Each structure stands twice: as structure tokens, then as C-alpha cells.
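*Asks:* Under the numbering used here, the residues of the sequence shown are numbered 255 to 663, in order.
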Amino acid sequence: MAIIKVQKGTKDILPSEMPVWHFMEEKANEVFSKYGAKEIRTPIFEATELFARGVGDTTDIVNKEMYTFEKSERSLTLRPENTAGVVRAFIENGMHRLSAPVKLWYKGPMFRYERPQAGRQRQFHQVGVEVFGIKQPSADAEVILMAVNYLKALGLNDLSVELNSLGCPECRENFKTKLKAVIKQYLNELCPDCQSRYEKNPLRLLDCKVEECKAIYAKPEIQEVIQSDFICEDCANHFNELKSYLNTLGIKYEINKLLVRGLDYYNRTVFEIKSNNLGSQNAVCGGGRYDSLVKNLGGEDIPAIGFAMGMERLASLIGNKEEIKTKAFVVSNNMEEALKLTEELRQKGYSCEFDLTNKKFVKQLEKASKVAKYALILGEDELKAGEVTVKNLDTSEQKTVKREEIELI
Ligand code: HAM
């Protein structure tokens, strides 16, 4: 019979990889809790409209990459990201009534129908943070700090923070008009995606990866517009204050005027954290401010900012972590006693196993040395005396102790 394989762009996370995943998850809880963030878990599928309205219907994510299906005449979508879902939950659960800031963190699988390659999957995992209720740039600084400190806690160093301000809808409109005007004469030479972006979402022209388009955008008259300080005074003040906080905190960053992000909800601050040790998919973290999203999804007028990180990319940077061995393996040919002793050990809080097939004593000992730190030997003599021989499988030291007095370190 033909075997059924895992779907393209998806992966099993095997037991040998779990120590790294547990490490990432435990550190997330530990680090984000220090900043007062609470974990939230939202459903993996939502109404398609949430993403169309939330992420934006001119984005690649909504146009090309969503896993959408119908059930009972409802259009549902596997979440391609979690900001929209967390905002929905924030509104639906009246969290605006909690005292601001409301800080939420999450982890879990996301789904995007993308062309799979190293670092890019169709089902991948994100860990992220969303902070609601603060319009001041202090929140931007704290959110970036949370991201940087989480990455530090994972032991990751060779990273760079890129920062940009997209301004507010008003100043951005001016910029879009200027950008379109200067690009207009090259419109026919742009790739089909850029031709449609030109009308629908001109900011996204800036992060096109097609070489011909990049060459056009590198022309001096276009660069002049891109590099110009188009943002209004309020947005500029916000950005300058943020930069000053980051300087105070000693967080190094680079300004990247081409950083526009692939989701429509952003305004003012956007940022990405990139690794110098990954290939072309080198962004480990992306985030920014989205002050209109809560309102656009039917909530109050509440500002917010957050980020998400790709956990597969983090895992590949962290490398392997040793699998934790079972603490003890009971070696005995008396099945009933072995079963009893194993359970006694578990009740005491140790992980413990025994041979369910009652193999020969030597075979059991071999198995113990592969999977456990200690062998607990229960032979005829030990059984009679109510004792157990505890063998440290790393050092081969052994001693015989009373059954109730077993202590393993
Ligand atoms: P994003 O930039 O689309 O932002 O994704 C964040 C991170 O998820 C990326 O930097 C990358 O590490 C990882 N990622 C994205 N797509 C894939 C993929 N196909 N395979 C593997 N990893 C991937 C967002 O999702 C926003 N919701 C972030 C945010 C939160 N903004 C504000 N709050």
C-alpha cells in the first residue's frame, strides 16, 4: 500500500526536536511575564472576513496565501497570522475595560499557502506579543525591548533590528502620491505584481524582490522620494522619541526606509529583526504599530503595537538541545514487582519505565543504559530483602538501598 506523506510545506516536529520547542515556549512565558504580558489562545480558524478586513485585501497574504474553506455556507480561514485574531478576542471579551496597557502573548501554528523553501513553510509557528491601549512611543520601545530580550534569553546574538516609520494615513497619502508620480513613467517595465501594487498598495512596491524592479527603484529620482522625510511633525516626534528610548536602552538599530511590511494594518513604527545566520528568509521577527485596527474591526478607538516571530527560524538558530533521558528504568524479571516499583517511583515524581515484554535481564540492562540515567535492579535477593540496587548508568557506581529510601538526582 502506498504510504501517505506529510503535506508539502508542513513538517512533523519529532520528539528529538521537542527540547528546543519546550525551551522556546518556556522562555516566552518567562520573559513576557516579566513585562506583565498574559498568554492568550485563540482559535486556529476564524471568519475569512476577519483577515480580509484586518490584514487587508490588497496584501499577498489575503489575496494568494489563505487556506479558505466553506462550512454551512460560512467562509472560514485558517489563520495566516494572529494579530487579527487577538484583536477580535480583545474586542469580543471587552478587554478595553481592563486598565491599559493590556499585554497579551501567544504561540501557535499559522498557515500560509506560500512557495515552500528553507525557512518558509505553509504551516509554521509564531510566538508573538500584542500590547493594547498606549499611544505613546514608550510602548513601542517596550515592545521592541521584549522582542530583543526574548531573543537574548534564547541565546541568539548575531541579530540586527531594522526600524522605519510609515507615518499616519494622512502623511502616507502624500508620500504615496509622490511615489506614484515619480514611478509612473516606468510602469510598463515593472513586474505584473508591482503593476497591480502601483494602484492598490504603492508602498509595497518598495519591497519587491524582482531584480528589474529593484533596479528601477534604485534610480536617483525615485530614491530621492523614498529617502525623503515624508512623515508629519507628530509622526516625526513619535519616531524621534522612540529612537531616543532605544538609545537609552542600548538597543542598536538601523533605519531602513524600504521596510514597509506585508500587512496593511500598520501605521507609524514598523520593525523587523533579522539574523545574519539564516539564508534569504532571514527575518526572525516582524512587528509594528496598528492604531486603527481595533476600531476597523468594530471595537473602540484603541491604539496597539506588537510583533511575531517565526519559531521554526528560531529553532534552526538555536540548534540541538539534548533530549532529557528518563530518570530510571526498572530491571527485573518479576513483572508484577517491576510494575509496582515503577509506579512507586512515578508517584515520587520521577520519570520511570520498565520492560513491558519481560526480556532477559541483560537485555533489560542494555535498554536501561540507552534510555535512562539510573537502572533500578530488582533481582531475587533484592526482592527478599525489600531492597533495590540503584546503578548510575553514567558512572557505573551502584549501591543497594531500602525500597522506600530511593533518591535519584
Ligand atoms: P509577519 O512578518 O508576516 O508578521 O510574520 C512574522 C514572522 O513570522 C516572520 O518574521 C517570520 O519569522 C515568520 N514567518 C512568516 N511567514 C512564515 C512562513 N511562511 N514560514 C516560516 N516562518 C514564517 C505577522 O505575522 C504580524 N502578525 C506580526 C505582528 C504582530 N505585527 C503586530 N503584531
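No residue lacks a Cβ here, since even glycine has one placed at the ideal position from N, Cα and C. Computed from a predicted structure; not experimentally measured.
Relative to the alpha-carbon of L408, which residue among F608, F286, E453, I470 has its alpha-carbon at the smallest distance?
*Replies:* Of the candidates F608, F286, E453, I470, the one whose C-alpha sits nearest the C-alpha of L408 is F286.
*Asks:* Could you give the distance in angstroms between the alpha-carbon of P210 and the alpha-carbon of D311?
*Replies:* With the chain represented from 255 up to 663, any question about residue 210 goes unanswered, as that position is not in the structure.
*Asks:* Nearest to M272 by CA position, among M565, K318, K357, is which residue?
*Replies:* The shortest C-alpha separation from M272 is found at M565.
*Asks:* What do you reckon, is the C-beta of G533 under 7 Å from a heavy atom of ligand 1?
*Replies:* Every heavy atom of ligand 1 is 7 Å or more from the Cβ of G533, so no.
*Asks:* Could you tell me the boundaries of the beta strand (DSSP E) in which S498 lies?
*Replies:* Run containing S498: none in the beta strand (DSSP E); it sits in the alpha helix (DSSP H), 487 to 503.
*Asks:* Looking only at its chain, what residues have a beta carbon closer than 8 Å to the beta carbon of E508, apart from the 5 residues adjacent to it on each side?
*Replies:* The residues are S414, V415, E416, L417.
*Asks:* Identify every residue that forms a DSSP beta bridge with Q377.
*Replies:* Note: Q377 sits in a beta bridge opposite F365.
*Asks:* By DSSP, does E641 sit in helix, in strand, or in coil?
*Replies:* The answer is strand: DSSP assigns E641 an E or B state.
*Asks:* Given a cut-off of 8 Å, decide if L547 and R342 are closer than it, judged by their beta-carbon atoms.
*Replies:* No.
*Asks:* Would you say the beta carbon of Y544 is closer than 7 Å to some non-hydrogen atom of ligand 1?
*Replies:* Checking the Cβ of Y544 against ligand 1 gives yes.
*Asks:* With DSSP as the reference, please indicate the residues paired to A282 in a beta bridge.
*Replies:* Note: A282 sits in no beta bridge, so no partner.
*Asks:* Around the Cβ of S419, are there at least 16 other Cβ atoms within 10 angstroms (buried) or fewer (exposed)?
*Replies:* Under this definition S419 is a buried residue.
*Asks:* What does DSSP give as the partner residues of Q371 in its beta bridges?
*Replies:* DSSP output for Q371 lists R374 as bridge partner(s).
*Asks:* Q652 by DSSP, collapsed to three states: which one?
*Replies:* Note: Q652 maps to strand in three-state DSSP.
*Asks:* Strictly by DSSP, which residues pair up with F323?
*Replies:* According to DSSP, F323 bridges with L330.
*Asks:* Could you check if L413 belongs to the surroundings of ligand 1, using beta carbon to heavy atom distance under 7 Å?
*Replies:* No, the beta carbon of L413 sits no closer than 7 Å to any heavy atom of ligand 1.
*Asks:* Less than 7 Å separating the Cβ of M563 from some heavy atom of ligand 1?
*Replies:* Yes, the Cβ of M563 comes within 7 Å of a heavy atom of ligand 1.
*Asks:* Let me check you understand the geometry: is the CB of C489 closer than 7 Å to at least one non-hydrogen atom of ligand 1?
*Replies:* Because no heavy atom of ligand 1 lies under 7 Å away, the Cβ of C489 does not count as near it: no.
*Asks:* Quick check: is any heavy atom of ligand 1 less than 7 Å from the C-beta of R366?
*Replies:* At least one heavy atom of ligand 1 is nearer than 7 Å to the Cβ of R366, so yes.
*Asks:* Just to confirm my understanding: we take V340, look at its own chain, exclude 5 residues before and 5 after, and list those with CB closer than 7 Å. What are they?
*Replies:* Contacts found: I294, T296, L358, Y360, E384.
*Asks:* With a Cβ-Cβ cutoff of 8 Å, do G373 and Q535 count as a contact?
*Replies:* In contact: G373 and Q535 (Cβ atoms closer than 8 Å).
*Asks:* In this structure, how does DSSP classify I257 when only helix, strand and coil are distinguished?
*Replies:* Looking at I257 - three-state DSSP - the assignment turns out to be coil, as it is neither helix nor strand.
*Asks:* What does DSSP give as the partner residue(s) for C539 in the beta ladder?
*Replies:* C539 pairs with I527, M563.
*Asks:* Find the nearest neighbour of C489 within the set L460, E424, E576, judged by alpha-carbon distance.
*Replies:* Looking at the Cα atoms, E424 is the closest of the given residues.
*Asks:* Hey, quick one: how far does the beta strand (DSSP E) through S534 stretch, first residue to last?
*Replies:* Neither: S534 is in no beta strand (DSSP E) and is coded neither H nor E.
*Asks:* So the candidates are S650, D648, V644, I663; which of them puts its Cα closest to the Cα of K656?
*Replies:* Considering only alpha carbons, the answer is V644.
*Asks:* Ordered along the chain, which non-local residues of its own chain (more than five positions away) have a Cβ less than 8 Å from that of I470?
*Replies:* Correct list, in chain order: I437, Y440, E443, L444, I476.
*Asks:* What are the residues that DSSP puts in a beta bridge with F608?
*Replies:* In the DSSP output, where bridge partners are listed per residue, F608 has V584.
*Asks:* In three-state terms, what does DSSP make of I631?
*Replies:* It is a strand residue.
*Asks:* Going by Cα to Cα distance, which pick from E659, G640, E620, A639 is closest to S650?
*Replies:* That would be E620, whose Cα lies nearest to the Cα of S650.
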